[in-house]
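S.K.: For reference, each letter of the sequence shown is one residue, going 1 to 258 in full-length UniProt numbering.
Where a beta carbon is used, it is the ideal one built from N, C-alpha and C, also for glycine.
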Amino acid sequence: MKSAVERRMEIVNVVNRDGKARVEDLAAQFDVSSVTIRSDLSFLEKNGYVVRSHGAAIPNTGVIAELTVHEKRRQNAGIKSLIGQAAAKLIESGDTVILDSGTTTREIASSLKSLEDVVVMTNGLDVAMELASAPGVEVLMSGGVLRKNALSFSGSQAEHSLKNYRFDKVFLGVDGFDLRAGITTHNEQEASLNRLMCEISEQVIAVADSSKFGKRSCHMIREFGNIDILVTDSDIPEDYVQGLREMKVDVIIVEKEY
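1. Quick check on His70: does DSSP put it in helix, strand or coil?
2. Check Met247 in the structure and name its three-state DSSP category.
3. With distance defined between alpha-carbon atoms, name the residue in Arg147, Ser192, Lys163 and Gly225 nearest to His180.
4. Provide the residue(s) that pair with Pro59 in DSSP beta bridges, ordered along the chain.
5. Taking the alpha carbon of Val139 as the point to measure from, which residue in Arg147, Ala206, Asn149 and Leu125 has its own alpha carbon closest?
6. Can you say whether Gly84 is buried or exposed, counting buried as having 16 or more other CB atoms within 10 angstroms of its CB?
7. What separation, rounded to the nearest whole angstrom, lies between the Cα atoms of Val204 and Glu24?
8. If you drop the 5 nearest sequence neighbours on each side, which residues of the same chain put their C-beta closer than 7 angstroms to that of His70?
9. Taking Thr185 and His160 to be in contact with their CB atoms under 8 angstroms, please state how far apart those CB atoms are, rounded to whole angstroms.
10. What residues are listed by DSSP as bridge partners for Ser201?
11. Does the beta-carbon of Glu6 have 16 or more other beta-carbons within 10 angstroms, so that it is buried, or is it exposed?
12. Can you tell which of Leu99, Gln189 and Ser154 has the C-alpha that lies nearest to the C-alpha of Val127?
13. Does the distance from the C-beta atom of Ala158 to that of Glu130 stay below 7 angstroms?
14. Within 10 Å of its beta-carbon, does Glu188 have 16 or more other beta-carbons around it, so buried, or fewer, so exposed?
15. Output the boundary residues of the beta strand (DSSP E) element that contains Leu90.
16. Just the C-alpha distance for Ile252 and Gly155, rounded to the nearest angstrom, thanks.
17. What residues are listed by DSSP as bridge partners for Ala206?
18. Is Leu44 helix, strand or coil when you go by DSSP?
19. Could you check the C-alpha separation between Phe153 and Leu172 for me, to the nearest Å?
20. Please classify Ala28: is it buried, with 16 or more other beta-carbons within 10 angstroms of its beta-carbon, or exposed?
21. Where do the N-terminal and C-terminal ends of the beta strand (DSSP E) with His219 fall, by residue?
22. In whole angstroms, what is the alpha-carbon distance linking Thr105 and Pro135?
23. Would you call the CB atoms of Val231 and Val207 closer than 7 angstroms?
24. What distance in whole Å lies between the Cβ atoms of Val118 and Ser93, which are believed to be in contact at a cut-off of 8 angstroms?
25. Please give the ranges of any beta strand (DSSP E) in the region 119-147, keeping only runs that are unbroken, at least 3 residues long and fully inside the region.
26. Closest to Glu116 by C-alpha separation, out of Asp18, Thr103 and Thr96, would be which residue?
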C-alpha cells in the first residue's frame with residue numbers, strides 16, 4: 001500500500017489532470033476509506049494543493065504551495081527525465097553554463113556525463129552531486145545559505161560569487177509559469193539569484209513540465225516571454241505555445257509518454 005505522502009501526491013496529479021475528483025472515486029482508486037480521502041483532501045487544501053467542493057476536489061489554480069525536493073522528485077519523474085535529456089542536447093563541449101537548482105535541472109546534469117570541456121555553475125546541491133561523476137565537467141558552486149527542503153543555495157553570498165562571471169547559457173527550473181504572472185518561484189532570495197543568473201548569461205533557457213503552466217508563486221524571475229528557449233512536454237496549453245512563439249521564444253516540445 002502507498003504511503004500517505006505518495007497517495008496525496010497522486011491525488012494532486014489526478015485532480016490536476018481530470019479537473020475534478022470525487023471522494024468516492026478516489027477511495028476506490030486508492031483502496032482506502034472515504035474518511036481517509038477526506039482527511040487527505042483536508043491536508044491538501046490546507047497546504048494549497050487543491051480546493052474542496054461538494055464531496056470532491058478541484059485544482060487550486062491560484063498560488064501554488066511549495067513542495068520539498070523529495071516530493072518534487074515523485075511528480076512527473078518520467079517526463080522530467082525526457083525534458084532533461086532534450087535540454088542537455090543544447091549544451092556543447094566548450095560551453096559555460098548555469099544549472100539552477102531543481103529536479104528537472106538535475107535531470108539535465110545526469111545527461112552530461114559524456115561531454116568534455118564544459119563548465120557548470122550551480123546553486124543546487126544535488127545537481128553538483130550528480131555532476132561529480134562527469135569527468136569532462138568542471139563544477140562550480142555558488143555558495144550561500146542552504147535551503148534544506150530544496151537542497152539549494154541562495155542569499156547575498158551566492159549572488160556575490162556570481163557577479164564576476166559570464167556564462168553562455170542558464171537553465172532555469174521554475175515553480176510556476178503563468179501568462180500574466182510570468183516565471184515565478186516560491187523563495188524571494190532564490191528569485192533574486194535567478195534574476196542575476198539571467199543577467200550574466202547570453203541565453204536564458206527555461207525547463208518546465210506542463211503541470212507548471214497556469215500556476216504562479218509569489219516571486220517573479222522573468223516576464224512571460226523574456227526567455228530565449230523553453231523545453232517542455234506535449235501537454236503544454238496551445239495558447240502558451242502561440243504566445244511564446246509570437247514573442248520569438250523557441251519552444252522545444254518532447255512527446256509525453258502515456
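M.R.: In short, the structure shows the following:
1. The residue labelled residue 70 in the question sits at position 70 within the sequence shown. Here His70 scores only 49 on pLDDT, less than 50, and its place in the model is too uncertain to base an answer on.
2. The residue labelled residue 247 in the question sits at position 247 within the sequence shown. If DSSP states are grouped into helix, strand and coil, Met247 belongs with coil.
3. Here the question's residue 180 lines up with position 180 in the sequence shown. For the sequence presented, residue 180 should be read as Arg rather than His. With respect to the C-alpha of Arg180, the residue from Arg147, Ser192, Lys163 and Gly225 having the closest C-alpha is Gly225.
4. The sequence position of residue 59 within the sequence shown is 59, counting from 1. Secondary-structure assignment with DSSP links Pro59 through a beta bridge to Val50.
5. Within the sequence shown, the letter at position 139 stands for residue 139. Of Arg147, Ala206, Asn149 and Leu125, the residue nearest in Cα terms is Leu125.
6. Position 84 of the sequence shown, counting from 1, holds the residue named residue 84. Under this definition Gly84 is a buried residue.
7. Position 204 of the sequence shown, counting from 1, holds the residue named residue 204. Position 24 of the sequence shown, counting from 1, holds the residue named residue 24. So the alpha carbons of these two residues sit roughly 45 angstroms apart.
8. The residue given as residue 70 occupies position 70 in the sequence shown. Any answer about His70 is weak, because its pLDDT of 49 lies below 50 and its placement is not dependable; what the coordinates show is given next. Sequence-distant Cβ neighbours of His70 in its own chain, meaning closer than 7 angstroms and more than five residues away, do not exist here.
9. For this step, residue 185 is matched to residue 185 along the sequence shown. For this step, residue 160 is matched to residue 160 along the sequence shown. Contact between Thr185 and His160 does not hold, since the beta-carbon distance rounds to 20 angstroms and is not under 8 angstroms.
10. Start at 1 with the first residue of the sequence shown, and residue 201 comes out as number 201. Partner(s): Phe167.
11. Mapped onto the sequence shown, residue 6 falls at position 6. Answer is exposed; the Cβ neighbour count stays below 16.
12. What you label residue 127 is simply residue 127 of the sequence shown in a count that begins at 1. The residue with the shortest Cα to Cα distance from Val127 is Leu99.
13. Start at 1 with the first residue of the sequence shown, and residue 158 comes out as number 158. Start at 1 with the first residue of the sequence shown, and residue 130 comes out as number 130. Cβ atoms of Ala158 and Glu130: not closer than 7 angstroms.
14. Within the sequence shown, the letter at position 188 stands for residue 188. Classification of Glu188: exposed, given that the 10 Å Cβ count is below 16.
15. Counted from its first residue, the sequence shown places residue 90 at position 90. Leu90 -> no beta strand (DSSP E), and no H or E assigned at all.
16. Here the question's residue 252 lines up with position 252 in the sequence shown. Here the question's residue 155 lines up with position 155 in the sequence shown. Going from the Cα of Ile252 to the Cα of Gly155 covers about 32 angstroms.
17. Translated into positions along the sequence shown, residue 206 becomes position 206. The partner list for Ala206 (beta bridge, DSSP) reads Leu172 and Leu230.
18. Here residue 44 refers to the residue found at position 44 when the sequence shown is read from its first residue. Note: Leu44 maps to helix in three-state DSSP.
19. For this step, residue 153 is matched to residue 153 along the sequence shown. For this step, residue 172 is matched to residue 172 along the sequence shown. Going by the C-alpha atoms only, they are around 14 angstroms apart.
20. Indexing the sequence shown from 1 puts residue 28 at position 28. By the neighbour-count rule (16 or more Cβ atoms within 10 Å), Ala28 is not buried but exposed.
21. Taking the sequence shown and counting its residues from 1, the one referred to as residue 219 is at position 219. His219 to Arg222 is the span of the beta strand (DSSP E), which, as asked, contains His219.
22. What you label residue 105 is simply residue 105 of the sequence shown in a count that begins at 1. What you label residue 135 is simply residue 135 of the sequence shown in a count that begins at 1. Taking the straight line from one Cα to the other gives about 18 angstroms.
23. As a first step, residue 231 must be located in the sequence shown, where it is residue number 231. As a first step, residue 207 must be located in the sequence shown, where it is residue number 207. Cβ distance < 7 angstroms, so Val231 and Val207 count as in contact.
24. As a position in the sequence shown, residue 93 is number 93, starting the count at 1. As a position in the sequence shown, residue 118 is number 118, starting the count at 1. Yes, they are in contact, since the Cβ atoms of Ser93 and Val118 sit about 6 angstroms apart, within 8 angstroms.
25. For the region 119-147, whole beta strand (DSSP E) runs of length 3 or above, ordered along the chain, are 137-141 and 145-147.
26. As a position in the sequence shown, residue 116 is number 116, starting the count at 1. Comparing Cα-Cα distances from Glu116 to each of Asp18, Thr103 and Thr96, the minimum goes to Thr96.
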